[in-house]
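These notes concern the structure reproduced below.
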Amino acid sequence: MPMTDPQQSFSMEGKVVWVVDASTRLGARFARLIARAGAQVAIGAQHSWQLVQLAADLRCEGAVVLTVSLNSECRVSVEAALATIQECLGNVDVLINNSGEHEYTPLNDHIVHCTNLHMMNSEHGGSIVTIEPPPSAISEPNPCLRPNSSLIRMSRALTQSLTPHRVRVSVIAAGRGNNPRLKESRRSSSMT
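Reading the sequence shown from the start, the letters are residues -18 to 173 in my numbering.
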């Protein structure tokens, strides 16, 4: 059986997806893929001017895009962004949390906490996907360190408490590997 393009069967039509820190290469890639799958995309970064080109590119491809200024470590900023997204696009169905790990951010101010409260209050549920940044450069990577990261531990705890509210929590641990497919993906994403 011939292999088909996996994106052909991937549809996010009718969904509102918020990509946090979309000004990074990985965040922009997520925004592009999700927009191409039919979602309305809210893209956020600390300085919304960083998103001008990405938003223009996505709109040229026919996407519905909203840019929001966001300090992901400040609850007031997160709640203001959520209110803007809800007013302009509707309830957030999926949060792509690409903001990394902020070592000293209190949980009540954390973007995941604020967004899951928003999803629970709206009673429609949703998905929170946290992108764990690649490990710091070390001479010999230790795979035992990754499963114990604070983002993964927080996500495990949130999964237990949010499942009854129809909020799914996932973590994608981005890697630096030397996989040939990964190298090709990096090459092609730098061309888009």
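No residue lacks a Cβ here, since even glycine has one placed at the ideal position from N, Cα and C.
- Residue range 56 to 69 is occupied by the alpha helix (DSSP H) that includes T65.
- When C-alpha distances from W30 are compared across V0, S50, V57, R6, the shortest belongs to S50.
- For N78, DSSP records a beta bridge to V1, T111.
- Residue pairing by DSSP places G25 opposite V1, V49 in a beta bridge.
- Burial of Q21 is indicated by the presence of at least 16 other C-beta atoms within 10 angstroms of its C-beta.
- Sequence-distant partners of G19 (beyond 5 residues in either direction) whose C-beta falls short of 6 angstroms from its own C-beta, in its chain, are S(-8), M(-7), E(-6).
- Secondary structure note for F11: its alpha helix (DSSP H) is the uninterrupted segment 6 to 17.
- Segment contact: the region 26 to 42 against the region -2 to 6, three or more CB-CB distances shorter than 8 angstroms; contact assigned.
- DSSP links R149 through a beta bridge to S108.
- Taken atom to atom, the span from the alpha-carbon of C55 to that of T48 is near 18 angstroms.
- Assignment of V33 by DSSP, reduced to helix, strand and coil, places it in the helix class.
- Rounded to whole angstroms, I112 and V150 show a C-alpha spacing of 11 angstroms.
- Excluding five sequence positions before and after V(-2), the CB atoms of its chain that fall closer than 6 angstroms to its own CB belong to I15, A20, V22, V75, given in chain order.
- When rounded, the separation of the alpha-carbon atoms in L39 and G107 is 23 angstroms.
- Here the alpha carbons of G8 and N79 stand approximately 6 angstroms from one another.
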